[in-house]
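Notes for the one structure printed next.
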Amino acid sequence: MSDAILFLAGSAIIVWWSRKPLSKPGSHGFYRFFAWEAILGLIVLNRPVWGDDPYSPHQFASWLLMLTSIALVVLGVATLKRDGAPGAQRDDGSFYEFEKTTQLVSHGIFAYIRHPMYASLLALAWGAYFQDPSLIGTPIVLVASIALWLTATTDERECLTYFGQDYADYMRRTKRFIPFLF
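The numbering used here puts the first residue of the sequence shown at 1043, with every later residue one more than the last.
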């Protein structure tokens, strides 16, 4: 399958999966769509060399980032599903079921970073990029990073609106993506 067909097929799936957030420009899911598209672009771009030289420094870094990505998403989604008390009152028409949290979750992985799932996507983007760093891949990974920053800051505004001062206090004691740093 050609890279163009692979990218178009993947994009069709992402558009379908993002149809609700895309109908709400300015929502966190709207920006997340662009991050997913950029990550897909990086995966397709670097697919021909994926894992060719696993012991090279850049591919070793790639594998570490992708393993980190898996750990972050598993921990984040499991904690939200278990303790977030998803409810219909938190549905603005663009949320996925596990995002409709009615309880502020600030323990587990969330005690260290506010956005483990977005950090997971950030690690995945950079992991895909480091499979074969290139001049073409650099602006794509930067688009993914900016889109994820926009996703996180928009999500924070949404959470401040819903959770109020509790979320503002939570923001003061946690970092956005990387524990103790950023």
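Think of the CB as a built atom: it goes at the ideal place given N, C-alpha and C, for glycine as much as any other residue.
How big is the Cα-Cα spacing for Lys-1066 and Ser-1098? One-based indexing of the sequence shown puts residue 1066 at position 24. One-based indexing of the sequence shown puts residue 1098 at position 56. Approximately 42 Å, taken between the alpha carbons.
With which residues is Lys-1217 paired in a DSSP beta bridge? Position 175 of the sequence shown, counting from 1, holds the residue named residue 1217. According to DSSP, which records beta bridges pairwise, Lys-1217 is partnered with Ile-1155.
DSSP three-state assignment for Ala-1128, whether helix, strand or coil: If you number the sequence shown from 1, residue 1128 lands on position 86. The sequence shown places Pro at residue 1128, not Ala. The answer is strand: DSSP assigns Pro-1128 an E or B state.
Could you check which residue in Ile-1056, Tyr-1204, Ala-1077 has the C-alpha nearest to that of Thr-1193? Counting from one through the sequence shown, the residue named residue 1193 turns up at place 151. It is Ala-1077.
Leu-1114 and Ala-1161: beta carbons closer than 8 Å? Residue numbering aside, residue 1114 sits at position 72 when the sequence shown is read from its first letter. Residue numbering aside, residue 1161 sits at position 119 when the sequence shown is read from its first letter. Closer than 8 Å, so yes.
Give me, in chain order, the residues of the same chain whose beta-carbon lies closer than 8 Å to that of Ala-1167; leave out the 5 immediate sequence neighbours on both sides. Working through the sequence shown from its first residue, we reach residue 1167 at position 125. These residues qualify, in order along the chain: Ala-1077, Ala-1080, Ile-1081, Leu-1084, Val-1183, Ala-1186, Ser-1187, Leu-1190.
Thinking just about the alpha-carbon of each residue, which of Phe-1140, Leu-1050, Leu-1163 is nearest to the one in Thr-1121? Translated into positions along the sequence shown, residue 1121 becomes position 79. It is Phe-1140 whose Cα lies nearest to the Cα of Thr-1121.
Compute the Euclidean distance between the alpha carbons of Thr-1203 and Asp-1125, then round it to the nearest angstrom. Translated into the one-based positions of the sequence shown, residue 1203 becomes position 161. Translated into the one-based positions of the sequence shown, residue 1125 becomes position 83. Looking at the two C-alpha atoms, the distance is approximately 20 Å.
Can you round the beta-carbon distance between Leu-1087 and Phe-1172 to whole angstroms, since I take them to be within the 8 Å contact cut? Start at 1 with the first residue of the sequence shown, and residue 1087 comes out as number 45. Start at 1 with the first residue of the sequence shown, and residue 1172 comes out as number 130. 12 Å between Cβ atoms; not a contact.
Roughly how far, in whole angstroms, is the beta-carbon of Pro-1128 from the beta-carbon of Thr-1144, given that I think they are within contact range, below 8 Å? Walking along the sequence shown from the start, residue 1128 turns up at place 86. Walking along the sequence shown from the start, residue 1144 turns up at place 102. Right, the Cβ-Cβ distance comes to about 7 Å (below 8 Å), so this counts as a contact.
How many whole angstroms separate the CB atoms of His-1070 and Thr-1216, which I take to be in contact at a CB cut-off of 8 Å? For the purposes of this step, residue 1070 is identified with residue 28 of the sequence shown, where counting begins at 1. For the purposes of this step, residue 1216 is identified with residue 174 of the sequence shown, where counting begins at 1. With a Cβ gap of about 17 Å, His-1070 and Thr-1216 do not count as contacting.
How long is the line joining the alpha carbons of Pro-1221 and Glu-1198, rounded to whole angstroms? For the purposes of this step, residue 1221 is taken as residue 179 along the sequence shown, with counting starting at 1. For the purposes of this step, residue 1198 is taken as residue 156 along the sequence shown, with counting starting at 1. Rounded to the nearest angstrom, the two C-alpha atoms are 17 Å apart.
Cutting at 7 Å between CB atoms, please list the residues of its own chain near Tyr-1073, excluding the five before and the five after it. Taking the sequence shown and counting its residues from 1, the one referred to as residue 1073 is at position 31. Contacts found: Ala-1189, Leu-1192, Thr-1193, Thr-1196.
Per DSSP, cross-strand counterpart(s) of Thr-1143: Counting from one through the sequence shown, the residue named residue 1143 turns up at place 101. Per the DSSP secondary-structure output, Thr-1143 pairs in a beta bridge with Pro-1128.
Return the Cβ separation of Phe-1075 and Pro-1090 in integer angstroms, given the expectation that the two are a contact with Cβ distance under 8 Å. Taking the sequence shown and counting its residues from 1, one reaches residue 1075 at position 33. Taking the sequence shown and counting its residues from 1, one reaches residue 1090 at position 48. Pro-1090 and Phe-1075 do not touch by the CB rule: their CB atoms are close to 26 Å apart, not below 8 Å.
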